[in-house]
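Chains as they are written, first to last, in the numbering used here: chain A, 11 to 483; chain B, 170 to 430. Backbone N, C-alpha and C fix where the C-beta goes; we use that ideal spot for every residue, glycine too. Note sheet for the following structure.
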């Protein structure tokens, strides 16, 4: 107990947050021989990671080779920069691509099971969506942490303040609360992996008021507490202007939290007035922005039977059959009947599709410049074979994809670009990696990759501290 | 065709139940009204009506949302299906327990309608209070033929065809308008999702809520109240061990002892 009555706990490494980034960091550190305390404020692990679509973006994997897909780190690097509109931090993108393949292998070695299905999605020139059961992935890593004997997990324990050793000094402790009991955790190194702030309406409004009426999906604990703690210490932020919803969320259904992206299989996106409004091959974050500018922020993805048949029930964002079965998708034998169902003017919808089909034939979309199904991948297809389908779609904010300014070793940097000693960050809480838009699978990928990098940085730091203490003695 | 629906709603279990305050001096139990949602039977009745409109765009659908009090959120949720008329009907709570009295009140409301009524649809149980008696009572009051446990309704050559299943047999009951049917839930009448444009329109809609008075006709009144003693489960819980036969024997002995107790 200290003089405030709070219990004192000591640990070499404290990880704040029990999602994919937190458990990746904890396990990597444990494997390096470091004892770790991981705290999670909710009563269940997983956070937003567990609720995600389970997509990870990797390049050069055996699954890609088995599917005849040629991909490598350089193409991944170019795609990440391109989809980020070259406004992402190149050092962070490099850190991702240099560690992505080893992280894929590492996840498999831990027992994470990847689907053999491979799909192309937002921002990808080739199919590189590697799919897992995300909740199961976090559970697997958590189990490995427990089995290591090096990781202690405290549930229902929330971090409240970071404590420095004097003005501008090293972060040396975290004031926390465990099931209502005040505690102070003294740590030689702290990794913030506490997620974004999609569940903090006021904070989202501060940076993205245009999303006030959007659907928010994500871990309930994502209220920006980690971000605020670091802010208090002068941490800088990145990408705050790029908060965007992801296109393809059903606007009314509350049971399916994942986007459905028929546009990446050839569908067009139309407003409630029946008109296209965007190049559908863009990143779904940019599609989300365009969608929110339409009436009621609601649109429809329109497609035909061959596109429907191109869905893949092993990939949540392309699982068209389940959406139809659950009554979320409209199906009609004619365009006119479909237009009646969704109350869109038939003549306009018919003309929109006829014009689009003309662009497909001509190889040039004169209205919006669409040249591929998704990013640079896939040839456009006509929409012409009944039955026809419509999927109501709005933009949902699944994650904030912005936050703490970090370097490639995951050190948190302050507003002057100096490292805040003893403080690292990984996962959704960090900014600078995505830039202007977002590649499918790069958020979950980032959680695992950056979590591991943060752990290695922490382990090296602890080793240096130990050597320094040894030489002093 | 003109279709009338009565909708009650049920307590939304996503919300914690409100504190119930019993007052023996008052006519009813005083409790904050819990947030309500459509019951599965309400939803099915509404979907049956919407399907009839899909087949004939001239169909008019009017809905009376009944409550004590009527909740505006429920009115808006129903209006988001682009219906011709949605109105609230306030009753006092004890009346919700009294199907016969409620049926008479609904009869009075329908008697004031100026348009011909071709079909009255109602969920097979009217909210949390009804045990299935309200629909036949209402048919009696309105002097309409009644068909219960209907799963689908179609209009054919000016007549209604009601579909319902009995075991392996599907019954098709043909009735000339007007008629009253209570609807049960079924995968073929699962309620569709509303369109966003209609949700947006419903957000701006204004609703008339008719107050049907203090409920002088109510036959059910709260006379007294007391706290019910709930016996606690005293038994522990453990896995049975041993061979299957030994486990069956032990389980059977336990059950017999409970029967005797």
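- Going by beta carbons, residue 455 (chain A) and residue 111 (chain A) fall outside the 8 Å limit.
- For residue 308 (chain A), the nearest beta carbon of chain B is closer than 8 Å to its own beta carbon.
- Annotated as distal: residue 461 (chain A) and residue 119 (chain A), with beta-carbon spacing of 8 Å or more.
- The C-alpha of residue 336 (chain A) is placed about 25 Å away from the C-alpha of residue 290 (chain B).
- Residue-level contact by beta carbon holds for residue 337 (chain A) and chain B, with a gap shorter than 8 Å.
- Taking residue 285 (chain B) as reference, the option from B:299, B:228, B:209 and B:221 with the minimal CA-CA separation is B:228.
- Per DSSP, residue 366 (chain B) is one residue of the alpha helix (DSSP H) stretching across 365-373.
- Counting every other CB atom within 10 Å of its CB across the protein chains shown gives residue 123 (chain A) a total below 16, marking it as exposed.
- Residue 252 (chain B) places its beta carbon 8 Å or farther from that of residue 221 (chain B).
- The continuous alpha helix (DSSP H) containing residue 316 (chain A) extends over residues 315-319.
- Bounds of the beta strand (DSSP E) holding residue 20 (chain A) are 17-26.
- Put simply, the CB of residue 185 (chain B) is far from chain A, with every gap to its CB atoms at 8 Å or more.
- Taking a beta-carbon distance threshold of 8 Å, residue 220 (chain B) does not count as an interface residue toward chain A.
- The straight-line gap separating the alpha-carbon atoms of residue 409 (chain A) and residue 212 (chain A) is approximately 15 Å.
- In the DSSP assignment, residue 341 (chain A) is bridged to A:399.
- In the DSSP annotation of this structure, the continuous segment of the beta strand (DSSP E) that includes residue 187 (chain A) starts and ends at 181-188.
- Your pair residue 304 (chain B) and residue 312 (chain B) does not check out as a contact, with CB atoms roughly 14 Å apart and the cut at 8 Å.
- Shown here, residue 411 (chain A) sits in coil according to DSSP, grouped into three states, outside any helix or strand.
- Residue 85 (chain A) carries a helical assignment under DSSP once its states are collapsed to helix, strand and coil.
- Within its own chain, the residues whose Cβ lies closer than 8 Å to the Cβ of residue 355 (chain A), once the five positions on either side in sequence are excluded, are 283, 284 and 349, listed in chain order.
- When B:280, B:203, B:218 and B:225 are compared, the shortest CA-CA separation from residue 243 (chain B) is found for B:203.
- Going by beta carbons, residue 107 (chain A) and residue 131 (chain A) fall outside the 8 Å limit.
- Between residue 369 (chain B) and chain A, the shortest Cβ-Cβ separation is below 8 Å.
- Going by DSSP, residue 257 (chain A) is part of no alpha helix (DSSP H) but of the beta strand (DSSP E) stretching over 256-259.
- Look at residue 361 (chain B): its C-beta is under 8 Å from a C-beta on chain A.
- In this structure, DSSP gives residue 170 (chain B) a state outside helix and strand, which the three-state scheme calls coil.
- DSSP places residue 362 (chain A) inside the alpha helix (DSSP H), whose first and last residues are 356-372.
- The C-alpha of residue 267 (chain B) is placed about 21 Å away from the C-alpha of residue 318 (chain B).
- The three-state reading of DSSP puts residue 304 (chain A) in coil, since its state is none of H, G, I, E or B.
- DSSP places residue 331 (chain A) in the helix class (H, G or I) of the three-state scheme.
- By alpha-carbon distance to residue 170 (chain B), the top candidate from B:423, B:329 and B:369 is B:329.
- Between the alpha carbons of residue 371 (chain B) and residue 333 (chain B) lies a distance of about 33 Å.
- Residue 215 (chain A) sits in a helix when the DSSP states are folded into three classes.
- By the C-beta density criterion, residue 208 (chain B) is buried, having at least 16 other C-beta atoms within 10 angstroms.
- In the three-state reduction of the DSSP assignment, residue 57 (chain A) falls in the helix class, which pools H, G and I.
- Residues of chain A with a Cβ closer than 8 Å to the Cβ of residue 373 (chain B) do not exist, since the nearest Cβ in that chain sits about 12 Å away.
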